[in-house]
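Scroll down for the structure; my scribbles are underneath it.
Shown next as structure tokens:
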């Protein structure tokens with residue numbers, strides 16, 4: 010957690026207590042915006058000041074969102090450019106907020122998910138994704154960095170997918186959750202029509218702070234849009250009217266404000282450091298982690314090449330769930346997926362000594378088998 014967060018949360022309490030309902034119109038500048046803002050404007054003001062620079066996006070194209078699930082639901086509800094199109098192309102290893110959303114929309118409005126399996130190496134098969142796009146495709150969803158592999162899709166590959174999608178009249182939606190803040194992203198360079206993600210991971214934010222970018226000139230009209238996204242929200246008219254700003258159409262009901270007080274504190278640090286420097290640091294720590302993994306004889310499930318590796322390292326570890334629980338007893342926190350792999354991200358928030366501490370503990374656990382004797386606690390909660 011950034012050290013500034015407690016003071017910012019105290020600021021939220023002060024604004025709530027002192028301004029009451031008028032805080033929606035005016036609160037002090039606690040975010041370095043250079044001017045007063047209000048709770049009503051925070052989703053766009055913070056996105057312009059902090060999310061747009063992360064993505065090299067123009068002003069007026071980004072907005073904060075409560076979570077990726079809500080964003081994807083709104084995207085799938087859009088009408089307008091999709092007349093006669095009934096397919097959503099996505100990968101079988103897409104994150105559940107994307108994959109499950111597409112599956113549940115099948116039958117709701119005749120949007121059929123077309124899932125493309127991963128290649129034999131577990132990574133995305135970009136040729137197969139391109140081949141799956143047809144004149145019936147409305148959306149193509151692809152992850153910039155795979156949540157289960159750490160695989161980075163290069164800019165030129167995403168641009169090529171965008172060109173195929175556009176030739177068929179489809180739109181490219183890029184899930185950038187694990188790319189956000191870990192290296193420079195250029196939404197124009199990759200040809201994304203929409204780009205979404207969150208500030209929870211490398212950006213060191215808390216929950217409730219996702220975001221959406223919409224390409225300039227793209228007139229999306231989500232059916233799932235709340236009164237905050239209406240053209241005249243205080244007119245209380247009997248029928249909705251699309252807000253003239255496309256990005257605001259993706260707002261729902263009353264915005265949850267508290268989390269936005271500390272949404273961008275990690276982003277501020279990373280932007281000040283420079284994303285190129287952040288990327289160089291990540292690659293150096295990742296390379297060291299790979300050397301330590303090789304020293305333990307572990308199979309690496311994430312790419313080894315710098316150009317294809319994000320911040321995340323994925324290691325094949327037998328009884329991974331038990332190993333993660335045992336590592337917690339050593340004050341080392343990583344996570345497991347499907348009981349097969351251990352994931353961690355040696356990032357700028359970590360020191361080289363902490364990376365070594367992880368591998369020292371992991372080596373001890375593997376050598377002793379101590380994790381096998383650890384009873385997995387039912388009461389500990391499901392999150393790893």
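Numbering (our numbering), first residue to last: 10 to 393.
No residue lacks a Cβ here, since even glycine has one placed at the ideal position from N, Cα and C.
Because the structure is a prediction, the values reported are computed rather than measured.
Chain-order list of residues whose beta-carbon lies under 6 Å from that of residue i (same chain, five-residue window excluded)
{"i": "residue 279", "result": "190, 287"}
{"i": "residue 32", "result": "24, 48"}
{"i": "residue 256", "result": "72, 223"}
{"i": "residue 126", "result": "101"}
{"i": "residue 21", "result": "267, 270"}
{"i": "residue 148", "result": "97, 180, 182"}
{"i": "residue 380", "result": "331, 332, 335, 374"}
{"i": "residue 262", "result": "235"}
C-alpha gap between residue i and residue j, whole angstroms
{"i": "residue 56", "j": "residue 264", "result": "14 Å"}
{"i": "residue 248", "j": "residue 215", "result": "35 Å"}
{"i": "residue 285", "j": "residue 140", "result": "34 Å"}
{"i": "residue 155", "j": "residue 37", "result": "39 Å"}
{"i": "residue 95", "j": "residue 181", "result": "15 Å"}
{"i": "residue 197", "j": "residue 65", "result": "8 Å"}
{"i": "residue 113", "j": "residue 378", "result": "42 Å"}
{"i": "residue 98", "j": "residue 105", "result": "14 Å"}
{"i": "residue 327", "j": "residue 86", "result": "41 Å"}
{"i": "residue 115", "j": "residue 121", "result": "5 Å"}
{"i": "residue 53", "j": "residue 171", "result": "26 Å"}
{"i": "residue 123", "j": "residue 144", "result": "13 Å"}
{"i": "residue 28", "j": "residue 74", "result": "24 Å"}
{"i": "residue 175", "j": "residue 12", "result": "44 Å"}
{"i": "residue 358", "j": "residue 78", "result": "27 Å"}
{"i": "residue 344", "j": "residue 330", "result": "8 Å"}
{"i": "residue 81", "j": "residue 188", "result": "17 Å"}
{"i": "residue 69", "j": "residue 192", "result": "22 Å"}
{"i": "residue 35", "j": "residue 368", "result": "49 Å"}
{"i": "residue 383", "j": "residue 349", "result": "17 Å"}
{"i": "residue 84", "j": "residue 260", "result": "12 Å"}
{"i": "residue 307", "j": "residue 366", "result": "16 Å"}
{"i": "residue 282", "j": "residue 276", "result": "10 Å"}
{"i": "residue 50", "j": "residue 103", "result": "32 Å"}
{"i": "residue 324", "j": "residue 110", "result": "28 Å"}
{"i": "residue 93", "j": "residue 60", "result": "34 Å"}
Own chain residues within Cβ distance below 8 Å of residue i, not counting five before or after
{"i": "residue 17", "result": "39, 270, 271, 274"}
{"i": "residue 322", "result": "159, 295, 298, 299, 302, 309, 311, 352, 353, 354, 355"}
{"i": "residue 361", "result": "294, 297"}
{"i": "residue 318", "result": "159, 160, 161, 292, 295, 311, 312"}
{"i": "residue 76", "result": "106, 207, 216, 217, 219"}
Three-state class that DSSP yields for residue i in the structure shown
{"i": "residue 74", "result": "strand"}
{"i": "residue 122", "result": "strand"}
{"i": "residue 305", "result": "coil"}
{"i": "residue 133", "result": "coil"}
{"i": "residue 96", "result": "strand"}
{"i": "residue 38", "result": "coil"}
{"i": "residue 53", "result": "helix"}
{"i": "residue 13", "result": "coil"}
{"i": "residue 24", "result": "helix"}
{"i": "residue 88", "result": "strand"}
Contacts around residue i, its chain only, beta-carbon distance under 7 Å, and the 5 residues preceding and following it disregarded
{"i": "residue 388", "result": "A caution first: residue 388 carries a pLDDT of 48, below 50, which makes its placement in the model too unreliable to give a value."}
{"i": "residue 183", "result": "151, 153, 167, 199, 201, 204"}
{"i": "residue 185", "result": "153, 194, 204, 205, 206"}
{"i": "residue 290", "result": "357"}
{"i": "residue 42", "result": "54, 58"}
{"i": "residue 14", "result": "271, 274"}
Chain B contact for residue i (CB, 7 Å cutoff)
{"i": "residue 98", "result": "The displayed structure is made up of one protein chain only, and chain B is not part of it."}
Subject >> Runs of beta strand (DSSP E) wholly within the region 137-203 (minimum 3 residues, chain order) >> reply: 146-152, 180-184
Subject >> Validate contact between the region 371-383 and the region 330-343 using beta carbons, cut 8 Å, 3 pairs >> reply: yes
Original post:
Just checking, does the region 130-143 make contact with the region 153-171 on the three C-beta pairs under 8 Å criterion?
Top reply: yes
Original post:
Unbroken alpha helix (DSSP H) runs of length 4 or more, entirely within the region 200-272: which are they?
Top reply: none
Subject >> Sequence ranges, alpha helix (DSSP H) only - wholly within the region 309-391, length at least 4 >> reply: 329-338, 361-377
**OP:** Evaluate contact between the region 215-226 and the region 235-244, counting only Cβ atoms and requiring at least three cross-stretch pairs below 8 Å.
**Re:** no
Original post:
Any chance the region 219-238 sits against the region 249-259, with 3 or more Cβ pairs inside 8 Å?
Top reply: yes
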